[in-house]
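Once you know that position 276 of the sequence shown is 315 in the working numbering, the rest is easy, because the numbers rise by one and skip nothing.
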Amino acid sequence: MVKNKIAKSIQAGLLASGLLTAVSSHGVEFFMDVEGSFTSQLSIGSSWRVSDQDERLLAPGNNNDGNANFEKGDAFSQIFKGSHDLHLRSGNHGVFVRGKYWHDFALEEGEFDHGHSANGFTSEEKLNDKEFNELSKFSGAALLDAYVYGMYEIGYTPIDVRLGRQVVSWGESTFILGGVNSINPVDVNAFRRPGAEIKEGLLPVNMAYVNIGLTEFLSMEAFYQLEFQETVIPGCGTYFAFNDYAPEGCNQVILTSDALAGLGDAQRSAGGYVIIRDANGNRLAKDEGQYGIAFRYMSEALGDTEFGFYAMNIHSRLPVVNGIKSATWGAAASPSDADQLTAINNNKDGTFYYVTYPEDIQLAGLSFSTNVGSMAVSGEISHKKDVPLQINATMLLGAGLTGLSTSTKLMADVAATANGADFEGYRLFDVSQAQFTMLQFFDRFLGASRYTLIAEAGYTFIHDFDESDDAIKFSRAGVFDGEEGGFVTERSWGYRARLVGEYNNAFAGVNLKPTLAFSHDVEGFAPQPGGAFKEGEQSVGFTLQADYASMYSASVSYTEYMGGDYSLTSDRDFVSVSMSVQF
40 MVKNKIAKSI
50 QAGLLASGLL
60 TAVSSHGVEF
70 FMDVEGSFTS
80 QLSIGSSWRV
90 SDQDERLLAP
100 GNNNDGNANF
110 EKGDAFSQIF
120 KGSHDLHLRS
130 GNHGVFVRGK
140 YWHDFALEEG
150 EFDHGHSANG
160 FTSEEKLNDK
170 EFNELSKFSG
180 AALLDAYVYG
190 MYEIGYTPID
200 VRLGRQVVSW
210 GESTFILGGV
220 NSINPVDVNA
230 FRRPGAEIKE
240 GLLPVNMAYV
250 NIGLTEFLSM
260 EAFYQLEFQE
270 TVIPGCGTYF
280 AFNDYAPEGC
290 NQVILTSDAL
300 AGLGDAQRSA
310 GGYVIIRDAN
320 GNRLAKDEGQ
330 YGIAFRYMSE
340 ALGDTEFGFY
350 AMNIHSRLPV
360 VNGIKSATWG
370 AAASPSDADQ
380 LTAINNNKDG
390 TFYYVTYPED
400 IQLAGLSFST
410 NVGSMAVSGE
420 ISHKKDVPLQ
430 INATMLLGAG
440 LTGLSTSTKL
450 MADVAATANG
460 ADFEGYRLFD
470 VSQAQFTMLQ
480 FFDRFLGASR
490 YTLIAEAGYT
500 FIHDFDESDD
510 AIKFSRAGVF
520 DGEEGGFVTE
530 RSWGYRARLV
540 GEYNNAFAGV
550 NLKPTLAFSH
560 DVEGFAPQPG
570 GAFKEGEQSV
580 GFTLQADYAS
590 MYSASVSYTE
600 YMGGDYSLTS
610 DRDFVSVSMS
620 VQF
């Protein structure tokens, strides 16, 4: 349970936003022929857990801290945040800069029963975010976009160029991850905050980008990234943190074994029944070697259908875990508790882990976008080469590297690794994914000016993937027991749908926008980390947003998670409210 000490400063934040002098977001001429605009958005919001904890998901291990810290009715985020955009332009050249800042009162001031590894699982204490990624910290500021651009014409060929921190989106995906749109990483923390906006969660990366109109119907795009930027995942102990050891600042894996039954996370940590993160524990990919090219062709003969062709080489934005084998490694003599405990004590002190980001994932893709009657339809197919799949971390670290795994193949691989050497916790596979999206407008429907329905289905296939009983198992949370079920499968698929209404001038100049969203992972478990589908998982969400004068906005939302025998979200239902002002 969280004891909130919510300061009145959250109210002061609202007051301040109302008292600030509004700076026009329209173009203003500064000097000579330079025009510019400055736009600001300030918001407050809160989210509360509305479902009881599932005791099954509270078992000691490496996926339970965020669940254990928040009971039904607890606020897991109470945020004040702001973002500002500056756009300067002169003729065909310009500069765009965006920044954001935030302060989460619930996480900064709350005291928590369970804690996390970063505060030694100390009960009734604040969480410790000192070593978290800067974007995962409970308060902070960050530069987002910062680029210069130019628009030129050489002969009859238009050329647009951008240089600096920016977001580039390719492909036709709307909801489903893992396809062509893989250029930029994301800030998962930002997307989980009340009142989240896409511009806050997409992480710009330093790159050079060019778009060239080769003919009237054919264009080419290309990028070359100048730095590596990983996807930022929530810090351990926060509500939507489903992994307690991979995020920065979360530096131990809790060992799980029948020999340790009856000991909680705090007792196992204090007793040394953990694997510690290596001193060089967050090994980022190199900055070089990330680039891509795309061609878009508009076919008049096929009813103005646009086709896209894509190729890129990128590094994994998502972390995978590797191990360092103990210099004195030895397997347990037998499955008995006594022999398991002996093996743990012999191996744990010299065993370490670290997070890494495999390099040189190659992607090729095709897409189309067209209209069929009044319906917009689009789709894409992508093929990725050398995608890293995470070996089940419990088997890898809590079992394989302590000599307790019942997986013959995994134990053979561990035994073949020299003592004291690195052991790769992932394997590389080729992965193909297909997606299909439909968009339909319904004008003057249910009393609204318009309803918009968007539906998207996706299918993922892993090439040359072994699902036999003796095969190495990939992913699945360690809180689930057994060696069957919930692991990555060769095939997986699911769908998403969203219905958005627009009630313009519903009352007193207020526009209302109700949104109903649904997702269903029908079959199979997609590649992890980052796969889109986990069999049986469903979610439904309802949001009502009210806007006034294109300046003020308020929303309330409810999200419910259902299904999935191996779901970590099934007990994380929540409600959120937020208010914002833009000027």
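Even for Gly, the Cβ is constructed at its ideal location relative to N, Cα and C.
For residue i, which option in the options has the closest C-alpha, if you only look at C-alpha atoms?
i	options	result
residue 598	554, 289, 591 and 564	554
residue 100	92, 118 and 302	302
residue 586	561, 281, 542 and 269	542
residue 405	116, 187 and 333	333
residue 116	147, 126, 132 and 90	147
residue 242	208, 314, 385 and 514	208
residue 526	564, 200, 387 and 77	564
residue 467	400, 233 and 518	400
residue 160	191, 108, 571 and 130	108
residue 486	327, 559, 157 and 552	552
residue 505	219, 430 and 215	430
residue 122	529, 83 and 581	83
residue 249	463, 151, 256 and 200	200
residue 503	434, 559 and 428	428
residue 513	549, 464 and 286	464
residue 271	263, 281 and 286	286
residue 397	520, 420, 549 and 355	355
residue 119	133, 145, 98 and 131	145
Evaluate residue i with the Cβ neighbour count: other Cβ atoms within 10 Å of its Cβ, from every protein chain shown; 16 or more gives buried, anything less gives exposed.
i	result
residue 61	Residue confidence is low: residue 61 scores 35 on pLDDT, short of 50, so the model does not pin down where it sits. No coordinate-derived value is stated.
residue 607	buried
residue 81	buried
residue 169	exposed
residue 290	buried
residue 615	buried
residue 306	exposed
residue 432	buried
residue 228	buried
residue 480	exposed
residue 55	Note that residue 55 scores 32 on pLDDT, short of 50, meaning its location in the model is unreliable and no value can be drawn from it.
residue 63	Residue confidence is low: residue 63 scores 43 on pLDDT, short of 50, so the model does not pin down where it sits. No coordinate-derived value is stated.
residue 414	exposed
residue 41	Any reading at residue 41 needs caution, since the residue's pLDDT is 44, under 50, leaving its predicted position unreliable; the model's value is listed next. Flag for residue 41 reads buried.
residue 135	buried
residue 613	buried
residue 233	buried
Locate the alpha helix (DSSP H) running through residue i, then write down its first and last residues.
i	result
residue 230	227-231
residue 391	It is not in any alpha helix (DSSP H) - residue 391 instead sits in the beta strand (DSSP E) that spans 391-395.
residue 453	447-455
residue 307	304-309
residue 379	376-386
DSSP puts residue i in a beta bridge; with which residues?
i	result
residue 554	539 and 582
residue 182	138
residue 333	260 and 349
residue 427	467
residue 559	534 and 577
residue 321	394
residue 363	391 and 461
residue 478	415 and 493
residue 133	128 and 188
residue 205	244
Less than 8 Å separating the beta-carbons of residue i and residue j?
i	j	result
residue 325	residue 267	yes
residue 197	residue 138	no
residue 605	residue 496	no
residue 350	residue 265	no
residue 87	residue 114	yes
residue 379	residue 370	no
residue 217	residue 226	no
residue 105	residue 276	yes
residue 211	residue 491	no
residue 90	residue 611	yes
residue 535	residue 237	no
residue 359	residue 390	no
residue 172	residue 283	no
Return the first residue and the last residue of the beta strand (DSSP E) that residue i is part of.
i	result
residue 293	291-293
residue 80	73-88
residue 595	591-601
residue 127	114-129
So that I know if they touch, is there some Cβ in chain C lying closer than 8 Å to that of residue i?
i	result
residue 128	Going by chain labels, chain C is absent from the structure shown, which holds only one protein chain.
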